[in-house]
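Engineer: Each residue of the sequence shown is one higher than the one before, starting from 203 at the first, in the working numbering.
Just so it is clear, CB atoms sit at the ideal spot from N, CA and C, and this is done for glycine as well.
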Amino acid sequence: MDLRSEMLGYTVSINYDSRLYHHDILGSQAHARMLCKQGIISDADARLICDGLTVIEREIDDDKFPWDASLEDIHMNIESRLIQNIGSTGGKLHTGRSRNDQISLDLRLYTKDVIGTTLLGIKEVQIALIDLAAANSKVIMPGYTHLQRAQPVLFAHHMLAYFKMFTRDVGRFQDCYVRADVMPLGSGALAGVPYPTDREFLASELGFALISTNSMDAVSDRDFLVEFQSAASICMMHFSRLSEEIVIWCSREFGFIRLDEEYTTGSSIMPQKRNPDFAELARGKTGRVYGNLFSLLTVLKGLPLTYNRDLQEDKEGFFDTVDTLLATLNIYKGMLASLQVIESRMSEFANESYMLATDMADYLVNKEVPFREAHGIMRRLCDYCETQGKELKDLSLSEYHDFSPVFDDDVYNITAWSSVEARNNPGGTAPGQVEQELNEAKRIMEGKVDGS
Ligand code: ARG
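#1: Answer yes or no: the CB of L502 versus the heavy atoms of the ligand ARG, is any distance below 7 Å?
#2: Distance, Cα to Cα, L541 vs N510?
#3: Nearest to A434 by CA position, among E463, V491, G457 and D425, is which residue?
#4: V424 bridges to which residues according to DSSP?
#5: Taking just the CA atoms, how far does G229 sit from L222?
#6: Going by DSSP, name the residue or residues bridged to I227.
#7: Taking C-beta to C-beta, are A539 and D333 nearer than 8 Å?
#8: S230: beta carbon under 7 Å from a heavy atom of the ligand ARG?
#9: Can you find the residues in the same chain that come closer than 7 Å, C-beta to C-beta, to N627, ignoring five residues on each side of it along the sequence?
#10: Just checking my contact of L250 with I288 at CB under 8 Å: how many whole Å lie between their CB atoms?
#11: Do the region 343-357 and the region 615-626 meet, that is, are 3 or more Cβ pairs less than 8 Å apart?
#12: Which same chain residues, not among the five before or five after A248, have their C-beta less than 8 Å away from its C-beta?
#13: Unbroken alpha helix (DSSP H) runs of length 4 or more, entirely within the region 306-384: which are they?
#14: By Cβ distance, which residues of its chain are closer than 8 Å to K650, with the 5 residues on each side in sequence left out?
#15: Does DSSP classify L387 as helix, strand or coil?
#16: How close, in whole Å, do the beta carbons of D308 and D226 come, if the pair is a contact with beta carbons under 8 Å?
#17: From what residue to what residue does the alpha helix (DSSP H) around A529 run?
#18: With a threshold of 16 other CB atoms inside 10 Å of the CB of R401, please say whether the residue is buried or exposed.
#19: Assuming L321 and F375 are in contact, meaning their beta carbons sit under 8 Å apart, how far apart are those beta carbons, in whole angstroms?
#20: Is any heavy atom of the ligand ARG found at a distance shorter than 7 Å from the C-beta of R511?
#21: Assuming L284 contacts L295 under a Cβ cut-off of 8 Å, what Cβ separation, rounded to an integer in Å, is found between them?
#22: State the beta-bridge partners of L412 as determined by DSSP.
#23: Which value, in whole angstroms, describes the spacing of the CA atoms of R443 and A335?
#24: What are the boundary residues of the alpha helix (DSSP H) that M278 is part of?
#25: Below 8 Å CB to CB, which residues in the same chain sit around W269 once its five sequence neighbours on both sides are set aside?
#26: With a cut-off of 8 Å, do at least 3 Cβ pairs link the region 379-392 to the region 413-431?
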């Protein structure tokens, strides 16, 4: 490669910012209408420009647009094509505008649209979680701490925990929308423009809630992209945790779930294997999404006001995050909807009587044994079981009595189900509580309450 083309290659962004074409054209058409309304360009010129832009949009839609890398970016490609198609009138479009406020506008319009798509995607995942919870409302599974079997919980409770996480994600993306919803056009290169523009008109034409009120901030602000990527990172972190559980759960060791074949792949040499690749990849891609957030923060950290070309580096990572997040939402919707719960396996582990040691300690407490003492009794009982190769439920009453005289026949009434039912405080795993949680989740989905 000769030096000239290498240098051009260094500055060019059209290979990735071309995806902004729709929003760029939307902004340009509104700008032309505004220039006309303010008497800055004529009616006829505005019409020619707007129609010319519509033709260009169609050319791009139909893959017929002559992209030219030497024009560097999406703005220059469209503008020069416009001049080529409609003549010198096309050169009037950039009156009272700079690429600096133009790119900010394009990115804000694009981000707002993407947030809309993201929210719909999260909603579909949440509905899949609700359906899974509702369809398995009586399934008991072992709940874990430290990845050690801890206490029985309802599978629905576990699924609804993820529902909660995604509800908070919705709140974060909505919050980011508010920050993106500010119209920067009219800031010019950095100081404003010397034309009698109507920025409120532009905001209302383009569906923005507010106009920016400091031109220097407006052309250099990328906070909304940082916020989007933070929200996306947290959301992917949630998917990554869910992925980890799915990977574990569909192992032979656990055997709690079966993934639909579509969401697994075979091994090239081990015919018995069904690998949970999609869950693994979601977990892996989360790393890249974090990286994109950090690269943008790093690009921004040393920038003096106002626009600096470094800002062009805001896009690739952002677009990659958008694509990764939307694809993950889509994949997960289907993966959850087709996931099979293996109730027998979950309940086998949940009913293992070690899991009920806390309940037995609580049982002793109900018979006036101080909790610390009860805990010690159960600890010793568990150790005894281990040395005897027995489970708690296999012990005779006289064996129980060796540890505490307080034990009675009713100790055998303690089961996984009674354990779950006992946790009947708000937020607990008792069936009644989980049913309320499920109803609340459904109300959030219907938009009747705000869960964020
Ligand atoms: N392609 C540029 C970007 O993405 C557009 C703004 C260019 N402005 C400039 N003064 N060179 O940031």
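Structural biologist: On the basis of the supplied data:
#1: For the purposes of this step, residue 502 is taken as the residue at position 300 of the sequence shown. False, no ligand heavy atom lies under 7 Å from that Cβ.
#2: Here the question's residue 541 lines up with position 339 in the sequence shown. Here the question's residue 510 lines up with position 308 in the sequence shown. C-alpha separation (whole angstroms): 49 Å.
#3: Counted from its first residue, the sequence shown places residue 434 at position 232. Taking only the C-alpha atoms, the option nearest A434 is V491.
#4: Here residue 424 refers to the residue found at position 222 of the sequence shown. Reading the sequence as shown, one finds Arg at residue 424 and not Val. R424 is not bridged to any residue.
#5: By 1-based counting over the sequence shown, the position of residue 222 is 20. By 1-based counting over the sequence shown, the position of residue 229 is 27. Whole-angstrom Cα-Cα distance: 11 Å.
#6: Counting from 1 along the sequence shown, the entry for residue 227 is found at position 25. Its beta-bridge partners do not exist; DSSP assigns none.
#7: Taking the sequence shown and counting its residues from 1, one reaches residue 539 at position 337. Taking the sequence shown and counting its residues from 1, one reaches residue 333 at position 131. Yes, the Cβ-Cβ distance between A539 and D333 is below 8 Å.
#8: As a working mapping, residue 230 is identified with position 28 in the sequence shown. No, since every heavy atom of the ligand ARG falls outside the 7 Å radius drawn around the Cβ of S230.
#9: For this step, residue 627 is matched to residue 425 along the sequence shown. For N627, same chain residues with a beta-carbon under 7 Å away, outside a window of 5 residues either side, do not exist.
#10: As a position in the sequence shown, residue 250 is number 48, starting the count at 1. As a position in the sequence shown, residue 288 is number 86, starting the count at 1. 5 Å between Cβ atoms; contact.
#11: yes
#12: Your numbering for residue 248 matches position 46 in the sequence shown. Closer than 8 Å at Cβ, skipping near neighbours: A234, R235, L237 and C238.
#13: As far as the region 306-384 is concerned, its whole alpha helix (DSSP H) runs of at least 4 residues are 357-382.
#14: Your numbering for residue 650 matches position 448 in the sequence shown. Excluding sequence neighbours, K650 sits near nothing in its chain.
#15: What you label residue 387 is simply residue 185 of the sequence shown in a count that begins at 1. In this structure, L387 counts as coil in the three-state DSSP scheme.
#16: Taking the sequence shown and counting its residues from 1, one reaches residue 308 at position 106. Taking the sequence shown and counting its residues from 1, one reaches residue 226 at position 24. Confirmed, Cβ separation roughly 5 Å.
#17: Numbered from its first residue, the sequence shown carries residue 529 at position 327. K517 to A539 is the span of the alpha helix (DSSP H), which, as asked, contains A529.
#18: Within the sequence shown, the letter at position 199 stands for residue 401. Buried, because 16 or more other Cβ atoms sit within 10 Å of the Cβ of R401.
#19: Here residue 321 is taken as the residue at index 119 of the sequence shown, counted from 1. Here residue 375 is taken as the residue at index 173 of the sequence shown, counted from 1. With a Cβ gap of about 6 Å, L321 and F375 count as contacting.
#20: Walking along the sequence shown from the start, residue 511 turns up at place 309. True, at least one ligand heavy atom lies under 7 Å from that Cβ.
#21: Here residue 284 is taken as the residue at index 82 of the sequence shown, counted from 1. Here residue 295 is taken as the residue at index 93 of the sequence shown, counted from 1. Between L295 and L284 the Cβ distance is about 7 Å, and since that is below 8 Å, they are a contact.
#22: Translated into positions along the sequence shown, residue 412 becomes position 210. Partner(s): V384.
#23: Residue mapping note: residue 443 aligns to position 241 of the sequence shown, counting from 1. Residue mapping note: residue 335 aligns to position 133 of the sequence shown, counting from 1. Approximately 18 Å, taken between the alpha carbons.
#24: As a first step, residue 278 must be located in the sequence shown, where it is residue number 76. First-last of the alpha helix (DSSP H) with M278: I276 to I288.
#25: Residue numbering aside, residue 269 sits at position 67 when the sequence shown is read from its first letter. Excluding positions up to five away in sequence, the list reads I216, S220 and N279.
#26: yes
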